[in-house]
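In our numbering, the protein residues as written are 1 to 598.
Working notes, structure below.
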Amino acid sequence: MSQATDRLPTWDLTLLYDGPGDPALERDLDRIVPLARSFRDAWRGRLAGAGAPDLLQAVEAYQEVVRAPLGPVAFAHLGFADDATDPARVALLQRVRELATAAHRETLFLPQELDRIDDERFARLVADPALVRYRHFLEQERAARPHRLSEPEEAVLTLKDLAGRAAFVQLFDQLTASFRYRFEVDGAERERTGSEMLALLKHPDRSVRRRAYEAFTAAYEREQVVLTSVWNALVLDHRQTLELRGYDDPMAPVHQRNEVTPRAVETLMAVTRDHYGLARRYYRWKAGQLGVDRLWSTDLVAPLPGPEPPPVSFDRARTWVVEAYEAFAPGFAAIARGFFDERRIDAPPRPGKSGGAFCMGVAPDLPVYVLLNFTGKVRDAATLAHELGHGIHFTLARAQPLLEYSPVLPLAETASVFGELLLARRLADEGLEPAVRRGLLAERIEDIIATTFRQNLYTEFEYRAHREGAGGYLPAERLCALWTEHLDAVYGDTVETVPASRWAWSAIPHFVHTRFYCYAYVFGELLVLALYRRYQEEGSAFAPKLRRLLEAGGSRTPGDLAAELGFDLEDPGFWAGGYAVLEGLLDELESLTGAKEG
Ligand SMILES: [Zn+2]
């Protein structure tokens, strides 16, 4: 083991169960389905007519049903992440999933029966003090009510989806997963997968990057008949679904799920468009660093020349991160320390362990865990800050009941990305040599560009294609032209779009799997930057505000939470504050380079 990865902490899963043979685990597994059945037997057919006290009892019984599998779920997931090669762990995970699905099936009557309550009575019920703790949950369960069809209609749609939408998604997945590339690099020719080809976009040689990307998209171009047909079928399916369910905008169902107003998203997207110039400014700087007149679209994530940052020991990374949180709010640092003191963090890479990093917090009364693969890079310190940010969020939200515990997608990255910014600030005082700081800053800026401008361009392209697609089948040529137009809108003349990039739209799985998912990335990232801007302006007075936002978990909509803190998500000025932070990072980057350009 290298010095950097010495003495890394491992986690202690006995906070959940003593081990796979723990009788308590078996007992908990055995209760999952019976509990769901007794909930159904007690409440099915009774919810629509229930008064507030009964409804409260039903909701709490439902919450218990939802809670029942979560201890085993956490234990099984973490055990599997710990060692995926152990067949017993795979089997446990499978068993837990099946039990949870079976239990969930017994509860499907709940939203249907809530739907049957008329609006006036429902409004009276959720205003009742007895139900105030579950008001948001009940309202969200009912939110889709105006768009739900009758039970037999819903059943037919679910059934026909299997040979419709789901079949096209599967065709896309199977086809694109089958793509293989014979590709030569650095004198070695071998067969590679799509993700190995995309990893070559980080190769130091410019011509390798371009050649790799050309080979990658050529596979998609060759299958353009199928991919264009899939694209059009999914657009048609979405349009028909909107019509059947009475939505007036292609993004409306996603806004509902994300609990955000269309106006907030429009504002966010318009402000983002207005700041595309910041991406160009960065790419002009990067072209200078790479010694080229203009970047190619295959150079965007190319590595910068310069020294590798020195390796970082885990203890050092831990100290940086805890100090970064301490400087913001001692309470945050105390929560972060708990992960080490209670052994709820697992850091060393090892065979069989899951890759990457995650934080898992599934219920307010269960321990929160963090998994890392620490290799001694500065980047790993940022990952530690990120995952502990999630950990702080899951810990602070414990005041909420389980049904309102998890934040909606646009809020899910609030504490994690905020923590990365706090770490960046802490590292600015570390006296790292300028070339290393430049590399770290550039990495941070590229992350921001990828999650704001790039995801915004995805969303705008997708939206445009859905609206144009309403007029009929869009041929591949049209989709390529639309895609290129949207790329150019962001990069202008600072990036030359290589012909191979025209086909990138057909390779983005989000467009196929989860429509209009991408704006949530923009929302999440820019929200954090805008909050960070407030922190820069307000100093320590801001910390309790962020704490309140995190403590709320999933108990309020993002708009309501922001309003409680005095921010307005429909105000362009709020979002523009986020780009002021990015501008500050660019200023710093340019000043470190000593070549400030406009
Ligand atoms: Zn995250």
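The beta carbon of each residue, even a glycine, is placed where N, CA and C say it ideally should be.
As the structure is a computational prediction, the values presented were derived from the model and not from experiment.
Count the CB pairs spanning the region 323-342 and the region 389-408 that are closer than 8 Å, and state whether there are at least three.
yes
Taking all protein chains shown into account, decide if Ser207 is buried (16 or more other Cβ within 10 angstroms of its Cβ) or exposed.
Numbered from its first residue, the sequence shown carries residue 207 at position 207. Exposed, since its Cβ has fewer than 16 Cβ neighbours within 10 Å.
Count the other C-beta atoms from every protein chain shown that fall within 10 angstroms of the C-beta of Val132, then say buried if there are 16 or more, exposed otherwise.
For this step, residue 132 is matched to residue 132 along the sequence shown. Classification for Val132: exposed.
Check whether Ala42 and Ala24 have beta carbons under 8 Å apart:
Your numbering for residue 42 matches position 42 in the sequence shown. Your numbering for residue 24 matches position 24 in the sequence shown. For Ala42 and Ala24, no; Cβs fall outside 8 Å.
Distance, Phe418 Cα to Tyr532 Cα
Position 532 of the sequence shown, counting from 1, holds the residue named residue 532. Position 418 of the sequence shown, counting from 1, holds the residue named residue 418. One C-alpha to the other measures close to 7 Å.
Closer than 7 Å to a non-hydrogen atom of ligand 1 - does that hold for the CB of Ser416?
Sequence index remark: in the sequence shown, residue 416 carries index 416 (1-based). Correct: Ser416 has its Cβ closer than 7 Å to ligand 1.
When you measure from the CB of His486 to every non-hydrogen atom of ligand 1, does any distance come out below 7 Å?
The residue given as residue 486 occupies position 486 in the sequence shown. Because no heavy atom of ligand 1 lies under 7 Å away, the Cβ of His486 does not count as near it: no.
Rounded to whole angstroms, what is the Cα-Cα separation between Val90 and Arg211?
Locating residue 90 in the sequence shown gives position 90, counting from the first residue. Locating residue 211 in the sequence shown gives position 211, counting from the first residue. If I take the Cα positions, the gap works out to 40 Å.
Just to check, is the beta-carbon of Glu413 closer than 7 Å to a non-hydrogen atom of ligand 1?
Within the sequence shown, residue 413 is the residue found at index 413, counting from 1. Checking the Cβ of Glu413 against ligand 1 gives yes.
Please classify Glu460: is it buried, with 16 or more other beta-carbons within 10 angstroms of its beta-carbon, or exposed?
Start at 1 with the first residue of the sequence shown, and residue 460 comes out as number 460. Buried.
Should the region 528-547 be called in touch with the region 566-586, which here means at least 3 C-beta pairs below 8 Å?
yes
By how many angstroms is the C-alpha of Gln170 removed from the C-alpha of Thr452?
Start at 1 with the first residue of the sequence shown, and residue 452 comes out as number 452. Start at 1 with the first residue of the sequence shown, and residue 170 comes out as number 170. Thr452 and Gln170: Cα-Cα distance of roughly 29 Å.
Using the Cβ count rule (16 or more neighbours within 10 Å means buried), how would you classify Pro351?
Indexing the sequence shown from 1 puts residue 351 at position 351. Pro351 is exposed by the Cβ-count criterion.
Please classify Gln240: is it buried, with 16 or more other beta-carbons within 10 angstroms of its beta-carbon, or exposed?
As a working mapping, residue 240 is identified with position 240 in the sequence shown. Gln240 comes out exposed.
Considering just the uninterrupted stretch of the alpha helix (DSSP H) at Phe453, what are its terminal residues?
As a first step, residue 453 must be located in the sequence shown, where it is residue number 453. Its alpha helix (DSSP H) spans residues Phe453 to Gly469.
If I measure Cβ to Cβ from Leu372 and keep anything under 8 Å in the same chain, skipping five residues before and after, which residues do I get?
Position 372 of the sequence shown, counted from the start, is the residue given in the question as residue 372. Answer for Leu372: Ile345, Asp346, Ala347, Ala357, Asp380, Thr383, Leu384 and Glu387, listed in chain order.
According to DSSP, is Trp483 helix, strand or coil?
Here residue 483 refers to the residue found at position 483 of the sequence shown. Three-state result, Trp483: helix.
Using a threshold of 8 Å, state whether the C-beta atoms of Gly492 and Arg280 are closer than that.
Along the sequence shown, one-based indexing puts residue 492 at 492. Along the sequence shown, one-based indexing puts residue 280 at 280. Yes, these two residues count as a Cβ contact at 8 Å.
Are Arg142 and Leu114 touching if we call contact CB-CB under 8 Å?
Taking the sequence shown and counting its residues from 1, one reaches residue 142 at position 142. Taking the sequence shown and counting its residues from 1, one reaches residue 114 at position 114. In contact: Arg142 and Leu114 (Cβ atoms closer than 8 Å).
Give the DSSP bridge partners of Glu106, in chain order.
Taking the sequence shown and counting its residues from 1, the one referred to as residue 106 is at position 106. Looking at the DSSP assignment, Glu106 forms no beta bridge with any residue, so it has no partner.
Cβ atoms of Thr267 and Pro572: under 8 Å apart, would you say?
Walking along the sequence shown from the start, residue 572 turns up at place 572. Walking along the sequence shown from the start, residue 267 turns up at place 267. Yes, the Cβ-Cβ distance between Pro572 and Thr267 is below 8 Å.
May I ask whether a heavy atom of ligand 1 can be found less than 7 Å away from the beta carbon of His390?
Residue numbering aside, residue 390 sits at position 390 when the sequence shown is read from its first letter. Indeed, a heavy atom of ligand 1 lies less than 7 Å from the Cβ.
Which value, in whole angstroms, describes the spacing of the CA atoms of Pro309 and Arg444?
Reading the sequence shown from its first residue, position 309 is the one you call residue 309. Reading the sequence shown from its first residue, position 444 is the one you call residue 444. Using only the alpha carbons, I get a separation of about 14 Å.
Residues of its chain near Arg438, where Cβ-Cβ distance is below 8 Å and the 5 sequence neighbours each way are ignored:
As a working note, residue 438 is residue 438 in the sequence shown. Sequence-distant Cβ neighbours of Arg438 in its own chain, meaning closer than 8 Å and more than five residues away, are Leu304, Gly306, Leu589, Leu592 and Thr593.
Taking the alpha carbon of Ala302 as the point to measure from, which residue in His203, Ser416 and Tyr247 has its own alpha carbon closest?
Against the sequence shown, residue 302 aligns to sequence position 302. Closest option to Ala302, Cα to Cα, is His203.
Which stretch, first to last residue, makes up the beta strand (DSSP E) that contains Met360?
Within the sequence shown, the letter at position 360 stands for residue 360. It spans Phe358 to Met360 - the beta strand (DSSP E) in which Met360 sits, taken as one unbroken run.
Taking Val522 as the reference, which of Val495, Gln455 and Glu485 has the closest Cα?
Along the sequence shown, one-based indexing puts residue 522 at 522. It is Gln455.
Which same chain residues, not among the five before or five after His136, have their C-beta less than 7 Å away from its C-beta?
In the sequence shown, residue 136 corresponds to position 136, counting from 1. Only Glu404, Ser555 and Arg556 meet the Cβ criterion.
State the DSSP-derived secondary structure class of Asp346, mapped to helix, strand or coil.
By 1-based counting over the sequence shown, the position of residue 346 is 346. DSSP places Asp346 within a strand segment (E or B) once states are collapsed to three.
Opposite Glu191 in the DSSP bridges: which residues?
Working through the sequence shown from its first residue, we reach residue 191 at position 191. DSSP lists Arg182 as partners of Glu191.
Can you check whether the CB of Arg464 is closer than 8 Å to the CB of Leu482?
Residue numbering aside, residue 482 sits at position 482 when the sequence shown is read from its first letter. Residue numbering aside, residue 464 sits at position 464 when the sequence shown is read from its first letter. Taking 8 Å as the Cβ cut-off, Leu482 and Arg464 qualify as a contacting pair.
Take Pro629 as the anchor and find which of Asp161, Asp83 and Ala52 has the nearest alpha-carbon.
Nothing about residue 629 can be reported from this structure: the residues present for the chain run from 1 to 598 only.
Determine whether the beta carbon atoms of Ala530 and Gly578 lie at a separation below 8 Å.
Here residue 530 is taken as the residue at index 530 of the sequence shown, counted from 1. Here residue 578 is taken as the residue at index 578 of the sequence shown, counted from 1. Their beta carbons are under 8 Å apart, which means Ala530 touches Gly578 by this criterion.
Measuring CB to CB, does Phe75 end up less than 8 Å from Leu16?
On the sequence shown, residue 75 is found 75 positions in, with the first residue counted as 1. On the sequence shown, residue 16 is found 16 positions in, with the first residue counted as 1. Yes, they are a contact pair.
What residue does the alpha helix (DSSP H) around Tyr247 start on, and which one ends it?
The residue labelled residue 247 in the question sits at position 247 within the sequence shown. Here Tyr247 belongs to no alpha helix (DSSP H), and DSSP marks it neither H nor E.
What do you get for Thr14, buried or exposed, if any count of 16 or more other CB atoms within 10 angstroms of its CB means buried?
As a first step, residue 14 must be located in the sequence shown, where it is residue number 14. Classification of Thr14: exposed, given that the 10 Å Cβ count is below 16.
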